[in-house]
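Engineer:
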Amino acid sequence: MSPEPRPLASTAESRVPDPGAPPTRETRVPSALLPFLPPLTALLIAAVIGDLLILAFGQSPREVFALLIDGTWGNAYGLGQVLYKATTLVCTGLAVALGIRSGLFNIGAEGQLAFGGFAAAIVGLWLPGGTPALVAVPLCVFASLAGGAAAAVVPGALKAKFGASEVIVTIMVNFIVVAFLNWIVAAHLSVAEQLHTGEIRAGAVPRLAAMIPSFHGSAANFTILIAIAAAIATGWYLFRSRAGYELRAVGLQPEAAEYGGVKVGSVWFRTLVLSGALAGLGGVNYVLGYKQYYEEGFGAGSGYLGIAVALVGRNHPVGVVLAALLFATLSQGGLAVNALVPKQLVDVLTAIVIIAVATAVPEVQRMLHAAAGRKPA
Amino acid sequence: MSVLAFLVQTLRIATPYLFAASGGVLSERAGIIALTLEGWMLTGAFSAALGSYYSGSPWIGILAGAAGGVLAAAIHALASIRYRADQVVLGIAINLLAVGITRFFLRLAFDSSSNSPRVPGFDWFAATGDGAGSLLASLASPLVLLGLASIPTVWWILYRTPYGLRLRAVGEKPEAAASVGVSVARVRWIAVLGAGALAGLGGAYLAIEQHQFTDSMTAGRGFIALAAVIFGGWEPGRAAVACLVFAAAETLQIQLQGLQVIPSQFVAMIPYILTIIAVAGMMGRSRQPAALGRIGD
């Protein structure tokens, strides 16, 4: 592996996720803390608006936030639930982040997640009863990757061949995948009167409670290791492999990359398919680690939330893992505070965090440019 | 089912699409991606239900619906035009925000997590019997008429007013528009707020016709409307035709559901598949506003 030139690596770190706009000029971040300024500002704004909404509901913000912390990181069950929810979000967040690094906006993580989970469940269902977990689990995991990738093939091909907007096509594919899966599960695969497939006979992934008894009752399971492995692999692919270097070059300046001999179309195709595979991998958390079957709507918006995770995590695998923990905490915390305020407060907070991050990132970068005495990009 | 009944039902289903799609054309021709139509509609539906419930008048409901859409659009305009945030990210986030905030206020206002109480609507003609007259009378809602009028209105604004000329210039080449003294930001603000009002009216139609707000009642209609905008090549007239085609497909789906010929899920896919084909370049790809999604002033 040839060492990569420095400037490109550093631009990628601070790039605004804005595929529609012409690429911004390089931003040099003066201190190590500054990249975290936009997400932190965003959290602060969200907290203030959250306070106002809590007051509107006639409750004390202090009590609600205390309950939120207590119901998540405050006890083993809550923490287990946070880890369970974060597992899927890491996968969908990585999927979106990988796409953005190449200048693509994969809105299809929701459909890819569903298709990946479905594929894992089908393979698990078809394997004979006595199949050892060492064979069954990898097969199911592979199926989830393949399923997610399959759902991304059409958007990837249309983007590469015709330049068709991946934003629109992936949204449409989401609707198509969901309609198709609803039909096939209801018409052909459902357990009598239930809207889910039959139970996987072989190869369940054990719960974390098997090793750490205090997690008892929570859905946390060992597929979390698969998600962590995916984060490490994505980091390696992005920053250490030749293909990842090409990917980032395309994301920064497709025309320049093309001129430099990179086949932009095939990089886009490859990236969308890989992105789909990552999103699909998120399905094993539910299917192998929790319920042992595919169920309509199991993703519960994790695909769309993946966009928020990638954005707040600044499209970096480490950031994605941290952001996944944050949104999983908010999601579980919503259940914990439901007695005081509607749990939808958390959805509102999540959306405000995304809006604030999206708004603060270009603004903070302009401020940094101004501070450095340079013209804004 | 008679042809007339089919047409009437198609038109009723098309009404929210017509509103939202005309808003979508307005916003996208000014260069601002209208991925938020769904959220604007949902906010509009909720505020229309609130307005109609508390005032007892569906007319106030209509105004409130438009105001709700404008409010949601103002967030979008502020973040995308003033702060140059990524419009796709914003679109997704505002759609999420609309779902969350309408649910939150549903609990706050009506203490329910699924629907509002019955709100007053327009029942000018009591539907008596199945005669052609009563079928046609069911169209006599001010919102159906406004929905039909929204498309020619947007067309007229785009092609027959000085503002429309500026709007199209801003969507194609903002630098050029700015160089001749057009305030790009102001033109875009007006377009986005107008789009919000139109989409809000589309939501108001849903809430007022069904006499209540139900959780997430827009159910993807904003995305279908956006699909119609793209399918129609960003032209109001062709977008309206696309809306009618999608609505006819949906009417067909409802009719076929009883017959069990084709699984309803497959008919539901039709607009999405059509959109993918359209986006992939069968029609209109080259006509996308050149500055769409790009704040270039």
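Top line first, the protein sequences correspond to chains C and V. Residues 0 to 376 (numbering that gives the first Met the number 0) are what the first sequence spells out, left to right. Residues 0 to 296 (numbering that gives the first Met the number 0) are what the second sequence spells out, left to right. A virtual CB, placed ideally from N, CA and C, is assigned to each residue, including glycine.
#1: Straight-line CA distance for V:Leu107 to C:Gly162?
#2: Along the alpha helix (DSSP H) that carries C:Arg313, what are the first and last residues, could you check?
#3: Using the rule of at least 16 other Cβ atoms within 10 Å of the residue's Cβ for burial, across every protein chain shown, is C:Tyr83 buried or exposed?
#4: Quick one, are the C-beta atoms of V:Ala239 and V:Ala20 less than 9 Å apart?
#5: Between the Cα of C:Ala226 and the Cα atoms of C:Ser143, C:Leu126 and C:Lys342, which residue gives the shortest distance?
#6: In three-state DSSP terms, what is C:Asn284?
#7: Along the region 38-56 of chain C, where does the CB come closer than 8 Å to a CB of chain V? Name the residues.
#8: Using a Cβ-Cβ cut-off of 9 Å, state whether C:Gln343 counts as contacting chain V.
#9: Name, please, each residue of chain C whose Cβ falls closer than 7 Å to the Cβ of V:Arg83.
#10: Let me know the secondary structure DSSP gives C:Arg206 once reduced to three states.
#11: Does the region 269-283 of chain C come close enough to the region 106-121 of chain C to have 3 or more Cβ pairs within less than 8 Å?
#12: I need the boundaries of the alpha helix (DSSP H) containing V:Pro15, first residue and last residue.
#13: Along the chain, where does the alpha helix (DSSP H) that runs through C:Ile231 open and close?
#14: Answer yes or no: does any C-beta atom of chain C fall closer than 9 Å to that of V:Thr274?
#15: When the Cα atoms are used, what is the spatial distance from V:Thr14 to C:Arg61?
#16: Helix or strand or just coil, what does DSSP make of C:Thr196?
#17: Give me the Cα-Cα distance between C:Ala299 and C:Val152, rounded to the nearest whole angstrom.
#18: Quick one: grab the DSSP three-state call for C:Thr169.
#19: Check whether chain V comes within 9 Å of C:Asn314, counting only Cβ atoms and requiring the distance to be less than that.
#20: Taking only three categories from DSSP, how would you classify V:Asn114?
#21: Just to confirm my understanding: we take V:Ile269, look at its own chain, exclude 5 residues before and 5 after, and list those with CB closer than 7 Å. What are they?
#22: How far does the alpha helix (DSSP H) with V:Trp233 in it reach, from first residue to last?
#23: When you compare each of C:Ser101, C:Gly129, C:Pro212 and C:Glu109 to C:Lys158 by their alpha carbons, which one comes out closest?
#24: Could you list the residues in the region 221-242 of chain V with a C-beta less than 8 Å from some C-beta on chain C, going in chain order?
#25: Determine the contact status of V:Ala194 and V:Trp39, defining contact as a CB-CB distance below 9 Å.
#26: Which residues mark the beginning and the end of the alpha helix (DSSP H) in which V:Arg187 is found?
#27: So C:Leu339 is in the alpha helix (DSSP H); what residue range does that whole segment cover?
#28: Note down the Cα distance separating V:Trp188 from V:Ala76, rounded to an integer number of angstroms.
#29: Quick one, are the C-beta atoms of V:Gly202 and V:Thr213 less than 9 Å apart?
#30: Quick one: does C:Trp182 have its CB under 9 Å from some CB of chain V?
#31: At 8 Å on the CB atoms, spell out the chain V contacts of C:Ala378, in chain order.
#32: On the CB-based measure, 16 or more other CB atoms within 10 Å of its CB, does V:Pro116 come out buried or exposed?
#33: Would you say C:Val89 and C:Ala229 are within 9 Å of each other, going by their C-beta atoms?
#34: Between the Cα of V:Leu276 and those of C:Ala94, C:Tyr292 and C:Met171, spot the shortest distance and give me the residue it belongs to.
#35: Say whether the region 342-352 of chain C touches the region 94-114 of chain V, bearing in mind that this needs 3 or more beta-carbon pairs closer than 8 Å, one atom from each stretch.
#36: Taking the straight line between their C-alpha atoms, what separation do you get for C:Lys342 and V:Tyr204?
Structural biologist: In this structure, then:
#1: 46 Å
#2: Neither: C:Arg313 is in no alpha helix (DSSP H) and is coded neither H nor E.
#3: buried
#4: yes
#5: C:Ser143
#6: helix
#7: Leu52, Ala55 and Phe56
#8: yes
#9: Pro361
#10: strand
#11: yes
#12: Val2 to Arg28
#13: Thr222 to Arg239
#14: yes
#15: 46 Å
#16: strand
#17: 23 Å
#18: helix
#19: no
#20: strand
#21: Ala248
#22: Segment: none, V:Trp233 is in no alpha helix (DSSP H) and carries neither H nor E.
#23: C:Ser101
#24: Phe222, Leu225, Ala226 and Ile229
#25: yes
#26: Val183 to Glu208
#27: Note, C:Leu339: premise wrong, no alpha helix (DSSP H); not H, not E.
#28: 6 Å
#29: no
#30: yes
#31: Not covered by the structure: residue 378 of chain C. The range shown for chain C is 0 to 376.
#32: exposed
#33: yes
#34: Here residue 276 of chain V is Ile; the residue named in the question, Leu, does not match the sequence. Comparing Cα-Cα distances from V:Ile276 to each of C:Ala94, C:Tyr292 and C:Met171, the minimum goes to C:Met171.
#35: yes
#36: 28 Å
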